[in-house]
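Letter 105 of the sequence shown, counting from 1, is numbered 104 in numbering that gives the first Met the number 0, and no numbers are missing. In this text, a Cβ means the ideal position worked out from N, Cα and C, and glycines have one as well.
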Amino acid sequence: MRLLFLSFLVLWVVACKTVEDHSAGVSPVSSEISQELEFTIESANAGDPRAQNLLAINYLYGTEGLEEDPQSAYYWFNRSAESGNPYAMSNLGRLYRDGTGVGQDASRAKAWFLRAADAGHFQAMSNLGELFAVGEGVPRDLKQASVWYSRSVLGPFDPFIANNAAWFFSTVEDKSLLKPELAINLMLQVVSMRERYYELDTLAAAYAASGDFDNAIYMQQRALVLGYEGKADEIELGDFEDRLGVYFDRQRYVYFEN
């Protein structure tokens, strides 16, 4: 037992020193550290990219006995990404996009999303769609956004990816980029799994884009009911009410303007 404790103590010190040497900073480790985290730390220091990505996630969200430490999260995501892990590449892109644990840098976010997307990571494709759609630190390009959103939904079904793509294909002003039928199909799959007010809002926009304003009105009203029940943000609910008025006027809602 004494040898096991000493072995773990050495392992923990090595893990801390590894991060400190790279100025990432380390949060205290709980005395109730799990065996899973112990194994993750050992594997991460041994160079396992998957363990490095997992350890970074634990630091990012303060789980498994670790305190939140965005700088350490950045350090481990970077190590994993440099080793070729597409999940870490996408996560690293998010940190650069949001300025979490590292200086905000949209060009680096884009570069890491592209590397992850090229490796087949569908969330990274969705993230690229968003970057181009809103012009977040990169030149706004709705056609490029359409390309990446289209690719993002070709992978295993993911409600968040589906919602982001459906919102774009329902609310883009350029009619040549509209894909209301795809958007409706995506969101019907989502709401068959669960009903969240912001996803019903997307489904309403999809129906409106297709010209089905009766269903758009019904879904928007349902979104408002769930939003008020869940005490959603008042500004967001105000936007929902504005969209409901648009649908009563038999118009589709435009978010991504030319």
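Nearest-angstrom beta carbon gap, residue j and residue i [assumed within contact, 8 Å]
i	j	result
G128	S151	6 Å
N52	N84	5 Å
I32	L54	12 Å between Cβ atoms; not a contact.
T170	V245	Their Cβ separation, rounded to whole angstroms, is 11 Å, which puts T170 and V245 out of contact at 8 Å.
Cut-off 6 Å between Cβ atoms - residues of its own chain near residue i, not counting five sequence neighbours on either side
i	result
K178	F168
D232	none
Y148	G128, A164 and F167
F112	G92, A123, N126 and L127
A115	P85, M88, S89 and A123
D140	F131
Neighbourhood of residue i by C-beta, 8 Å cutoff - its chain only, sequence neighbours within 5 removed
i	result
L223	Y196, L236, F239, E240 and L243
F156	Q188
E35	E63
When the options are compared against residue i, the one with the closest alpha-carbon
i	options	result
F255	D211, G210, Y246 and A204	A204
E135	A115, G92 and D173	G92
D47	Y227, E180, A80 and A207	A80
G119	Y86, D173, K109 and Y95	Y86
L59	E228, A182, R193 and G100	G100
N184	D97, R78, Q143 and T201	T201
R251	A161, D173 and V133	D173
E180	I160, L225, E37 and G210	G210
7 Å Cβ shell around residue i - same chain, five flanking residues per side excluded
i	result
H21	With a pLDDT of 39 at H21, under the threshold of 50, the modelled position of that residue is not reliable, and no figure is offered here.
G154	F121
R221	L199
R49	N84
A215	A203, Y206, A207 and Y246
Assigned exposure category for residue i - 16 Cβ within 10 Å defines buried
i	result
P138	exposed
M218	buried
S89	buried
S145	buried
F76	buried
R249	exposed
R193	exposed
Y95	buried
F212	buried
N257	exposed
I56	buried
Minimum length 3: unbroken beta strand (DSSP E) runs contained in the segment 113 to 182: none
Every unbroken alpha helix (DSSP H) inside the segment 29 to 97 [4 residues or more]: 34 to 44, 48 to 60, 69 to 81 and 85 to 97
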